[in-house]
Amino acid sequence: MKFIIPFLAAALPVAAVAQSQSGQAQGQAQDQTQSASAVVPKTTEVMVILTAKQGVTRQQIMAIMPSEIRETVKLYLDGKIRQWYSHGRGVVFLIDAKTEDEARAIMETLPLSKEHLMDYKYLPVGPLMPLMGLMGAEAKQ
Numbered sequence: 003m004k005f006i007i008p009f010l011a012a013a014l015p016v017a018a019v020a021q022s023q024s025g026q027a028q029g030q031a032q033d034q035t036q037s038a039s040a041v042v043p044k045t046t047e048v049m050v051i052l053t054a055k056q057g058v059t060r061q062q063i064m065a066i067m068p069s070e071i072r073e074t075v076k077l078y079l080d081g082k083i084r085q086w087y088s089h090g091r092g093v094v095f096l097i098d099a100k101t102e103d104e105a106r107a108i109m110e111t112l113p114l115s116k117e118h119l120m121d122y123k124y125l126p127v128g129p130l131m132p133l134m135g136l137m138g139a140e141a142k143q
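Under this note's numbering, residues 3 to 143 are what the sequence shown spells out, in order.
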């Protein structure tokens with residue numbers, strides 16, 4: 003058990019590269035008329051990174067924060083925000099969404115978004131595709 007964490011820490015970056023390379027190889031092998039999105043892993047969540055826009059003051063944000071917190075908690079309780087974290091001058095949300103547009107629609111309901119005080123970066127994420135290969139043949143049965 004004590005070797006599992008170091009193994010995963012070493013294997014996951016390799017698996018991510020392998021996923022990227024296998025996706026490229028599959029894409030090249032496919033008919034040119036097929037979309038490259040056919041080899042893209044399924045999106046299960048969208049990571050949203052929020053930071054205050056340049057020039058926005060702490061006072062501007064704090065004036066809206068009580069309503070922002072209430073609305074964020076409602077989204078969490080509704081299962082739309084799965085996790086949240088602080089990040090430097092901002093926040094990171096993991097949104098239960100299958101597309102960036104779906105996540106954007108959720109984020110646009112929040113007061114700070116309505117006041118145009120935040121910048122947003124949307125990163126669709128999903129399962130690490132080659133993870134099953136790391137588990138061995140017996141795991142596939």
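Virtual Cβ for every residue (Gly too), placed ideally from N, Cα, C. Keep in mind it's a predicted model, so treat the numbers as computed, not measured.
Nearest candidate by alpha-carbon position, reference GLY90, set ILE51, LYS44, LEU136: ILE51
Buried or exposed by the 16-neighbour rule on C-beta atoms within 10 Å, applied to LEU114: buried
Span of the beta strand (DSSP E), counted from its first residue to its last, around ALA54: 47-54
Helix, strand or coil at LEU125 [DSSP, three-state]: strand
Alpha carbon of MET131 to alpha carbon of MET137, nearest angstrom: 12 Å
Limits of the alpha helix (DSSP H) - the one that VAL75 falls within: 60-79
Beta-ladder partner(s) of ILE83, from DSSP: As computed with DSSP, ILE83 is found in a beta bridge with ILE97.
Cβ-Cβ distance between THR74 and LEU112 below 8 Å: yes
ILE97 burial status per 10 Å Cβ neighbour count (16 or more: buried): buried
Distance between beta carbons of VAL48 and ALA105, contact taken as under 8 Å: Rounded, the Cβ-Cβ distance is 4 Å, consistent with contact.
Which listed residue (LYS100, TYR78, TYR124) has its alpha carbon closest to that of THR46: LYS100
Residue nearest to GLY57 in terms of C-alpha spacing, selected from VAL127, LYS76, SER88, MET120: MET120
Burial state of LEU77 (16 or more Cβ within 10 Å): buried
Beta carbon of TYR124 nearer than 8 Å to that of GLU102: yes
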